[in-house]
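These notes are about the structure you will find just below.
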Amino acid sequence: MALTRRQLMTRLGAISALVGTGGWSTLANAARERIIPWRNWSGGQTCIPAARVAPATEAELADLIKSTTGSGVRAVGSSHSFSALIPTDGTLISLSNFTGLLSHDPKTLQAEFGAGTPMSQMGEPLLKVGQALPNMADIDYQTLAGAISTSTHGTGPKFGSYSSNVIGLRLVTANGQILDLDKNRQPELFNAARVSLGSLGVITRVKLQNRNAFRLHQKQWVQKTEELLEDIPRLVKENDHFEFNPILHSDVSLAQVQNETQDTRTLAKEGGGDGDKVGKLQMANTYLRNHPDAHASLLNFLVKHLEFPDVQDQSFRVYANVRDQRFNEMEYEVPAEAGPACVREILKTIREQNLNSFIPLEYRYVKADDIPLSMFSGRDSCAISVHQYFDMDYHNFFAQIEPIFWKYDGRPHWGKLHTLNAAQLSKLYPRFKEFQDIRRSIDPTGKFLNGHLRSIFGVQC
Ligand SMILES: Cc1cc2nc3c(=O)[nH]c(=O)nc-3n(C[C@H](O)[C@H](O)[C@H](O)COP(=O)(O)OP(=O)(O)OC[C@H]3O[C@@H](n4cnc5c(N)ncnc54)[C@H](O)[C@@H]3O)c2cc1C
Numbered sequence: 005m006a007l008t009r010r011q012l013m014t015r016l017g018a019i020s021a022l023v024g025t026g027g028w029s030t031l032a033n034a035a036r037e038r039i040i041p042w043r044n045w046s047g048g049q050t051c052i053p054a055a056r057v058a059p060a061t062e063a064e065l066a067d068l069i070k071s072t073t074g075s076g077v078r079a080v081g082s083s084h085s086f087s088a089l090i091p092t093d094g095t096l097i098s099l100s101n102f103t104g105l106l107s108h109d110p111k112t113l114q115a116e117f118g119a120g121t122p123m124s125q126m127g128e129p130l131l132k133v134g135q136a137l138p139n140m141a142d143i144d145y146q147t148l149a150g151a152i153s154t155s156t157h158g159t160g161p162k163f164g165s166y167s168s169n170v171i172g173l174r175l176v177t178a179n180g181q182i183l184d185l186d187k188n189r190q191p192e193l194f195n196a197a198r199v200s201l202g203s204l205g206v207i208t209r210v211k212l213q214n215r216n217a218f219r220l221h222q223k224q225w226v227q228k229t230e231e232l233l234e235d236i237p238r239l240v241k242e243n244d245h246f247e248f249n250p251i252l253h254s255d256v257s258l259a260q261v262q263n264e265t266q267d268t269r270t271l272a273k274e275g276g277g278d279g280d281k282v283g284k285l286q287m288a289n290t291y292l293r294n295h296p297d298a299h300a301s302l303l304n305f306l307v308k309h310l311e312f313p314d315v316q317d318q319s320f321r322v323y324a325n326v327r328d329q330r331f332n333e334m335e336y337e338v339p340a341e342a343g344p345a346c347v348r349e350i351l352k353t354i355r356e357q358n359l360n361s362f363i364p365l366e367y368r369y370v371k372a373d374d375i376p377l378s379m380f381s382g383r384d385s386c387a388i389s390v391h392q393y394f395d396m397d398y399h400n401f402f403a404q405i406e407p408i409f410w411k412y413d414g415r416p417h418w419g420k421l422h423t424l425n426a427a428q429l430s431k432l433y434p435r436f437k438e439f440q441d442i443r444r445s446i447d448p449t450g451k452f453l454n455g456h457l458r459s460i461f462g463v464q465c
C-alpha cells in the first residue's frame with residue numbers, strides 16, 4: 005500500500021510517541037507479548053499497558069482488581085478524552101462486556117444500563133420503552149461510564165451534564181468489593197462517584213433518570229458573531245438548546261437552536277461528517293493566514309453561502325454529530341454570566357495575534373449541579389472550547405488562550421487538555437477536599453491513579 009508523505013509522517017509520529025512513552029525495549033516487549041498499544045481518538049495520548057483486559061463478569065472484574073498490586077489500574081471507555089486520564093503502564097480495563105439496557109421503569113422513567121454501553125446504542129432501546137435522555141453531547145461515541153466520569157455535557161441552561169441524571173451506580177473498589185450506591189446507600193460516595201475520573205473504582209452499571217421520548221427540531225444559521233453575543237439573553241430564553249461556533253479569523257459564527265416539537269414529520273440529518281466544511285476552513289487558513297483582511301473577507305463570504313438544512317427527528321438522532329476530522333481540544337467552564345466577555349477576549353486574541361488555527365470555537369450553556377468534582381458544581385456555566393487540528397501543534401495556541409479562561413475563574417473540562425495541577429484546582433473546586441478525602445479512604449494505596457491523576461490530586465509517586 006503506497007503512503008502519502010503526510011500518512012508516513014503521521015505513522016512515524018505515532019511510533020515515536022509510543023517509543024517516547026516507554027522506550028524501544030517496552031515496544032519490543034509489547035510486540036512479544038502481543039499487547040496492543042493504546043491511543044486516544046485524537047492520537048495525542050498513547051501508552052503501552054502491561055495488560056489489556058475485558059472481564060466477562062463482575063466477579064472476574066473484582067478478582068482482577070483485588071489481585072492487582074501497584075497502581076495504574078485504569079478503566080477505559082471509548083478513548084475519546086483528550087487529557088491523559090487513561091495512559092498507564094499498568095492494567096487497562098475495558099467494560100465492553102458490560103453493555104445494553106438492563107432494566108427500566110415506565111412509571112418513573114428510570115433505566116439502568118451496562119456501564120460500557122456506547123451512548124450511540126442507548127437511544128433506540130430507550131425509545132422502545134418510551135424514554136429518552138433529557139439532553140445529549142455533541143457526539144455519541146462515548147461510553148456511558150466514560151461520559152459521566154468527566155461530567156460530559158450538551159447545551160441548554162436548564163440541562164445539567166449526564167452525571168446530573170445519574171441516580172444509582174455499581175462500583176467495584178480497590179479491594180474487590182462490589183457496591184450498589186445511590187442517595188440512600190452510601191450517599192457521599194455515590195455523589196462523588198458520579199464524576200470521579202475513574203479514581204474511585206470501576207463502574208459496571210449506571211441508573212439514569214430519563215424523560216418521556218420526544219422529538220427535536222434543529223435550526224442552524226450564519227450570523228455576525230457580535231450580533232449573536234448581543235442577542236444571547238433572548239436566544240437562551242426562547243430556546244431549549246442554544247449554542248454557537250465562532251469561525252476563527254472571521255466576523256461570523258454558525259448558530260444553532262434545538263427545540264422540542266410535536267411535529268411528526270422527519271427531516272433526517274445529512275449523512276457523513278463535517279470534513280468537507282472543515283476542509284474549506286483549512287484551505288482558507290493555508291493560503292490566506294498571512295493576509296488577515298483577505299482571510300476575514302473570504303471567510304465572511306464563504307460561510308454565509310454554506311447550507312445548513314433544518315433537522316427534525318427523535319431527539320437522540322438530532323443531538324449527535326459525526327466528527328470525522330480529528331483535533332485536540334481545550335475547554336473551560338466559566339460562570340454563565342462571564343461567557344460573552346470571555347469568548348470576546350479569546351476571539352480578539354486569536355485575531356490580533358493571528359494564531360494559527362482554523363477549527364471554530366464552541367460556546368454552550370450547562371446547568372449547575374451538586375456533585376463535588378463536576379465542572380458545574382454549584383454554578384451555572386458557560387462552556388467554551390478551542391480546538392487545534394490533530395497534526396498541528398496545539399501547545400502554543402492553547403498556551404495563549406488558557407490564561408484568559410483563568411482570568412474568568414474557569415474550570416477545565418476533565419476530559420480535555422489543560423495544564424492545571426492540584427494546587428490550582430483546589431482553589432476552583434470548593435468541595436475538592438471532600439472528594440480527596442473520599443478517594444483516599446476508598447483507594448488508600450492509589451491503585452486507580454496514573455501520572456496525570458497524581459498531578460490533579462497532588463499525590464506523590
Ligand atoms: C469528537 C469529540 C467530541 C466531544 N464532545 C463532547 C461534548 O459535546 N461534551 C463534552 O462534555 N465532552 C465532549 N467530549 C469529551 C468526551 O465526552 C469525554 O472525554 C468523555 O469522558 C469520553 O468518554 P469515553 O467513553 O471515551 O471515556 P474515556 O475517554 O475512555 O475515559 C474517560 C474517563 O472515564 C473513566 N472511565 C471509563 N469507563 C469507566 C468505568 N467503567 N468505571 C470508572 N471509570 C471509567 C476513565 O478512567 C477516564 O477517567 C468530546 C470528545 C471528542 C473526541
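Numbered according to the working numbering, the sequence shown spans residues 5 to 465.
Cβ coordinates follow ideal geometry from the N, Cα and C atoms, glycine included.
Per the coordinates, the alpha-carbon of A272 lies some 31 angstroms from the alpha-carbon of G47. When I236, L89, Q224 and P313 are compared, the shortest CA-CA separation from H417 is found for L89. Inclusion of K420 and F86 in the CB contact set at 7 angstroms is warranted, their separation being smaller than that value. Pairing A141 with R368, the inter-Cα distance amounts to about 10 angstroms. For S100, no beta strand (DSSP E) run applies, since DSSP gives it neither H nor E. The segment 208 to 226 makes no contact with the segment 402 to 409: fewer than 3 CB pairs, one atom from each, lie closer than 8 angstroms. Within the same chain, and ignoring the five residues on either side of F461 in sequence, the residues whose Cβ sits closer than 8 angstroms to its Cβ are S203, A426, Q440, R443 and L453. Contact check for G81 against T177 fails: the beta carbons are separated by 7 angstroms or more. Around the beta carbon of T72, 16 or more other beta carbons lie within 10 angstroms, which makes this residue buried. Three or more Cβ pairs closer than 8 angstroms define a contact, and the segment 316 to 334 meets that threshold against the segment 204 to 220. Beta-bridge analysis with DSSP links T147 to P122. In the displayed model, K111 falls within coil according to three-state DSSP, outside both helix and strand.
Classified as buried, E337 has 16 or more neighbouring CB atoms from the shown chains inside 10 Å of its CB.
Exposed is the label assigned to P296, since fewer than 16 other Cβ atoms lie within 10 Å of its Cβ. Measuring C-alpha to C-alpha distances from E62 to each of G120, S83, S107 and P41 identifies G120 as the nearest. A residue is called buried when at least 16 other Cβ atoms come within 10 angstroms of its Cβ; G275 does not meet this threshold and is exposed.
When secondary structure is reduced to three states using DSSP, G172 falls in the strand class.
Beta-bridge pairing by DSSP links W42 to C51. DSSP, reduced to helix, strand and coil, places L258 within a strand of the structure shown. When Cβ pairs closer than 8 angstroms are counted between the two stretches, the segment 179 to 197 is seen not to touch the segment 388 to 401, the count staying below three. By alpha-carbon distance to E242, the top candidate from Q49, S83, G160 and D314 is G160. Placement of the Cβ of Q222 at a distance of 6 angstroms or more from every heavy atom of ligand 1 is found.
Taking L432 as the centre and dropping the five residues before and after it, the same chain places the C-beta of R415 closer than 6 angstroms to its C-beta, in chain order. Per the DSSP secondary-structure output, T95 pairs in a beta bridge with A55 and V77. When the five nearest sequence neighbours on each side are left out, the beta carbons in the same chain lying within less than 7 angstroms of the beta carbon of I40 are those of R56, in order along the chain. The beta-carbon separation of L113 and N216, rounded to 6 angstroms, stays under the 8 angstroms limit for a contact. Here F305 is exposed: its Cβ has fewer than 16 other Cβ atoms, across all protein chains shown, within 10 Å.
With respect to S168, D384 sits apart: the two C-beta atoms are not nearer than 7 angstroms. Under the three-state reduction of DSSP output, I207 falls in the strand class. Out of V463, A342 and G455, the CA that lies nearest to the CA of P448 is found in V463. In this chain, the alpha helix (DSSP H) harbouring I236 covers T229 to E242. Shown here, G127 sits in a helix according to DSSP, grouped into three states. Judged by beta-carbon spacing, F102 lies within the 7 angstroms limit of T208, meaning their Cβ atoms are closer than that value. Taking non-hydrogen atoms of ligand 1 into account, the C-beta of D244 is found less than 6 angstroms away from none of them. Contact annotation: the segment 375 to 383 does not touch the segment 247 to 263, with fewer than three C-beta pairs closer than 8 angstroms. Taken atom to atom, the span from the alpha-carbon of F312 to that of D184 is near 45 angstroms.
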